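Worksheet: one structure, shown below.
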C-alpha cells in the first residue's frame with residue numbers, strides 16, 4: 001500500500017492507494033537548486049537595473065496579488081535597501097480580483113517591508129471597476145486598453161511576476177502584469193472572452209488568441225519605460241531562475257525554464273485523477289479551477305477527476321457561480337455562454353466543458369449546496385471519493401496523483 005501525501009491548505013494530508021492501482025505521483029520536475037540572491041543580483045546588473053533606477057522620477061512597481069506564488073518578497077529583499085529612499089510606489093495587480101487582506105499583504109511583501117511601505121503610504125490595490133483609468137489605445141483585435149491612472153501616467157514602471165503555465169493564456173507573467181493586472185474591468189472582459197477559443201490553453205502561445213491579444217495590446221506602453229523582473233519557481237517554491245530587462249524579452253527568456261519545471265511526462269491517461277490546488281492557489285474555487293483544468297489532461301474520457309482544494313475564501317467569483325448555478329447541466333452552461341458573455345464566464349465554460357465528457361468530484365470546505373451548484377460532486381474526504389471512484393471504475397482502475405495540480409501540466413507520452 002502506497003502512502004501519498006498531498007497539501008491541503010497549509011497542512012499535509014496522507015492518503016493510501018494500493019500499489020497496483022497507483023500509476024504515479026507527479027510533481028513539477030526536479031531541477032538544480034540555485035543560490036537565488038547572488039544570481040538575481042548578477043542578472044539585475046547585466047540588465048542595467050541601477051541605471052533604470054537613476055533620477056528622481058517616481059517608479060511604479062506592479063506586483064501580483066496573494067493568489068499567485070510569485071516570490072515578490074524574496075525579490076524585494078534583495079533590492080529594497082537600494083530603492084527604499086527613492087520615489088517608489090507599489091500597485092497590486094489584482095486584475096478583477098479583490099484587494100489583499102493584511103495576511104496576504106505580508107505574504108506579498110514580507111512583514112518588514114510591508115510595514116515600511118504601509119507607514120509611508122506607498123501601496124495601492126488596483127480596483128478594476130472603481131479606480132480612475134486612462135485610455136491608451138486599442139489592440140488589433142479590438143481590445144480597448146484602459147489602464148489604471150497610476151500606471152498610465154508613470155514614466156517608469158517595474159513589473160515583478162512569475163512565469164508558469166496558465167490554462168488559457170499559455171503562461172503567466174510578463175504582459176499579464178498590465179493586462180489583466182492593472183486594466184479596467186471592461187478591458188479584461190474583452191480580452192478574456194477570447195479564452196473560450198479552443199486554442200486558448202496551457203503552454204500554447206503561437207495561435208493562442210488571448211496571448212496574442214495581450215502582446216499586441218502591450219504596444220500602448222510605448223511612452224512608458226518598463227523594466228521586467230520575471231521569476232520561475234521550482235516545485236518547492238524556491239526560485240529556480242530569474243530573467244530581467246525588457247518586458248517581452250524577459251517573458252520569452254523565462255519560457256524554457258518554466259517548461260523544464262512544470263511540464264510533467266506521464267505514461268498514459270487514467271480513469272481516476274487526483275489534482276490538488278496548493279496554497280496559495282487554493283484561496284477560492286475561482287482560482288483553484290486551474291488544478292481542474294490541468295488534471296483533465298491526464299484523465300481518460302468517462303473518467304473521474306477528484307479535485308482537492310481548501311477554497312479558504314469560498315467561491316470567489318459570483319458571476320461564474322451564478323451562471324453555473326442557473327443551469328441544470330454543464331451543456332446548458334456552454335449554451336448560455338454562446339448567447340451572452342460576461343467576465344468570469346470563461347471560467348464557467350472551462351469547468352463545464354470537462355463535465356461533458358467526464359465527472360468532477362470535489363474535496364473542499366465549500367458548503368455542499370454551493371459545490372453541487374457548480375456541477376461538482378462533494379465528498380468529505382479524498383478516501384471517501386477514492387472508494388466511490390473504484391466502485392464505479394472497477395477495483396483495477398489506475399490512479400494518477402498531481403499534488404501540485406495547479407502547477408503541473410501533464411504531457412501524455414502514449415496518447
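Residue numbers (full-length UniProt numbering): 1 to 415.
Ideal Cβ positions, reconstructed from N, Cα and C, are used throughout, including at glycine.
All values derive from a computational prediction rather than experimental measurement.
Among 225, 268, 245 and 193, which residue has its Cα nearest to the Cα of residue 415? In the chain shown, counting from the first residue as 1, residue 415 sits at position 415. Cα-wise, what sits closest to residue 415 is 268.
Cutting at 8 Å between CB atoms, please list the residues of its own chain near residue 151, excluding the five before and the five after it. If you number the chain shown from 1, residue 151 lands on position 151. Same-chain partners within the cutoff: 60, 62, 91, 157, 178, 182 and 224.
Compute the distance between the beta-carbons of residue 324 and residue 348, then report whether it is under 8 Å. Counting from 1 along the chain shown, the entry for residue 324 is found at position 324. Counting from 1 along the chain shown, the entry for residue 348 is found at position 348. Yes.
Ordered along the chain, which non-local residues of its own chain (more than five positions away) have a Cβ less than 7 Å from that of residue 279? The residue you call residue 279 lines up with position 279 of the chain shown. Taken in chain order, the residues that qualify are 7, 9 and 10.
Considering only residues of the segment 363 to 413, which uninterrupted beta strand (DSSP E) runs meet the minimum length of 3 residues and lie entirely inside it, listed in chain order? 399 to 402 and 409 to 412
Contiguous beta strand (DSSP E) assignments of at least 3 residues, all confined to the segment 8 to 53: 11 to 17 and 22 to 25
Report, in whole angstroms, the separation of the C-beta atoms of residue 400 and residue 171, which I expect to be a contact under 8 Å. Position 400 of the chain shown, counted from the start, is the residue given in the question as residue 400. Position 171 of the chain shown, counted from the start, is the residue given in the question as residue 171. 23 Å between Cβ atoms; not a contact.
Which term fits residue 112, buried or exposed, when burial requires 16 or more other beta carbons within 10 angstroms of its beta carbon? On the chain shown, position 112 is the one that residue 112 refers to. Result: exposed.
Compare the Cα-Cα distances from residue 149 to each of 136, 196, 132 and 97 and report the closest residue. Within the chain shown, residue 149 is the residue found at index 149, counting from 1. The shortest Cα separation from residue 149 among 136, 196, 132 and 97 belongs to 132.
Whole angstroms are fine: how far does the CA of residue 175 sit from the CA of residue 198? As a position in the chain shown, residue 198 is number 198, starting the count at 1. As a position in the chain shown, residue 175 is number 175, starting the count at 1. Those two C-alpha atoms are separated by around 21 Å.
For a minimum of 3 consecutive residues, which ranges assigned as the beta strand (DSSP E) are wholly contained in the segment 275 to 353? 299 to 308
If I follow the unbroken beta strand (DSSP E) through residue 91, where does it start and stop? Indexing the chain shown from 1 puts residue 91 at position 91. Where residue 91 is concerned, the enclosing beta strand (DSSP E) stretches over 88 to 93.
Cβ separation of residue 139 and residue 216, assumed to be a contact under 8 Å, to the nearest whole Å: For the purposes of this step, residue 139 is identified with residue 139 of the chain shown, where counting begins at 1. For the purposes of this step, residue 216 is identified with residue 216 of the chain shown, where counting begins at 1. Their Cβ separation, rounded to whole angstroms, is 4 Å, which keeps residue 139 and residue 216 in contact under 8 Å.
State yes or no: is the C-beta of residue 251 within less than 8 Å of the C-beta of residue 201? Mapped onto the chain shown, residue 251 falls at position 251. Mapped onto the chain shown, residue 201 falls at position 201. For residue 251 and residue 201, no; Cβs fall outside 8 Å.
Best match in 13, 17, 187 and 29 for proximity to residue 396 [C-alpha to C-alpha]: Your numbering for residue 396 matches position 396 in the chain shown. Answer by Cα proximity: 17.
Nearest to residue 2 by alpha carbon, out of 20, 12 and 13? Working through the chain shown from its first residue, we reach residue 2 at position 2. Of the candidates 20, 12 and 13, the one whose C-alpha sits nearest the C-alpha of residue 2 is 20.
Distance check for residue 162 and residue 184, CA to CA, integer angstroms please. Position 184 of the chain shown, counted from the start, is the residue given in the question as residue 184. Position 162 of the chain shown, counted from the start, is the residue given in the question as residue 162. For residue 184 and residue 162, the distance between alpha carbons rounds to 22 Å.
Would you mind giving the Cβ-Cβ distance between residue 295 and residue 273, rounded to the nearest angstrom? I have them listed as a contact below 8 Å. Looking up residue 295 in the chain shown gives position 295. Looking up residue 273 in the chain shown gives position 273. Sure, about 5 Å apart at Cβ, within 8 Å.
Measuring only the C-alpha atoms, how far is residue 13 from residue 37? Indexing the chain shown from 1 puts residue 13 at position 13. Indexing the chain shown from 1 puts residue 37 at position 37. Answer to the nearest angstrom: the Cα atoms are 33 Å apart.
Residue 240 and residue 68: beta carbons closer than 8 Å? In the chain shown, the residue the question calls residue 240 occupies position 240. In the chain shown, the residue the question calls residue 68 occupies position 68. Not in contact: residue 240 and residue 68 (Cβ atoms no closer than 8 Å).
Which complete beta strand (DSSP E) runs does the segment 222 to 265 hold, if anything under 3 residues is left out? 225 to 233 and 239 to 245
With 16 other Cβ atoms within 10 Å as the buried cut-off, status of residue 70: Locating residue 70 in the chain shown gives position 70, where the first residue counts as 1. Label assigned to residue 70: buried.
Whole angstroms is fine: what's the gap from residue 330's alpha carbon to residue 375's? Locating residue 330 in the chain shown gives position 330, counting from the first residue. Locating residue 375 in the chain shown gives position 375, counting from the first residue. Cα-Cα distance, rounded: 7 Å.
Rounded straight-line distance, which links the Cα of residue 109 to that of residue 297: Here the question's residue 297 lines up with position 297 in the chain shown. Here the question's residue 109 lines up with position 109 in the chain shown. Near 34 Å, if we compare the C-alpha coordinates of residue 109 and residue 297.
Just grab the DSSP bridge partners of residue 359 for me. As a first step, residue 359 is located in the chain shown; it is residue number 359 there, counting from the start. Paired residues: 304.
Could you tell me whether the Cβ atoms of residue 385 and residue 361 are closer together than 8 Å? The residue given as residue 385 occupies position 385 in the chain shown. The residue given as residue 361 occupies position 361 in the chain shown. Yes, they are a contact pair.
Report buried or exposed for residue 367, applying the criterion of at least 16 other Cβ atoms within 10 angstroms of its Cβ. Here residue 367 is taken as the residue at index 367 of the chain shown, counted from 1. Its Cβ having fewer than 16 others within 10 Å, residue 367 is exposed.
Do residue 309 and residue 358 have their C-beta atoms closer together than 8 Å? Within the chain shown, numbered from 1, the residue matching residue 309 stands at position 309. Within the chain shown, numbered from 1, the residue matching residue 358 stands at position 358. It is not a contact, given that the beta carbons lie outside the stated cut-off.
Residue 209 in three-state terms, based on DSSP: Sequence index remark: in the chain shown, residue 209 carries index 209 (1-based). Helix.
In terms of DSSP beta bridges, what is residue 115 paired with? For the purposes of this step, residue 115 is taken as residue 115 along the chain shown, with counting starting at 1. Answer by DSSP bridge pairing: none, since residue 115 is not bridged.
Contacting residues, own chain, Cβ-Cβ under 8 Å from residue 326 (five flanking each side not counted): For this step, residue 326 is matched to residue 326 along the chain shown. Excluding positions up to five away in sequence, the list reads 336.
Do you know whose CA, among 351, 332 and 264, lies nearest residue 31's CA? As a position in the chain shown, residue 31 is number 31, starting the count at 1. Comparing Cα positions, the closest option is 264.
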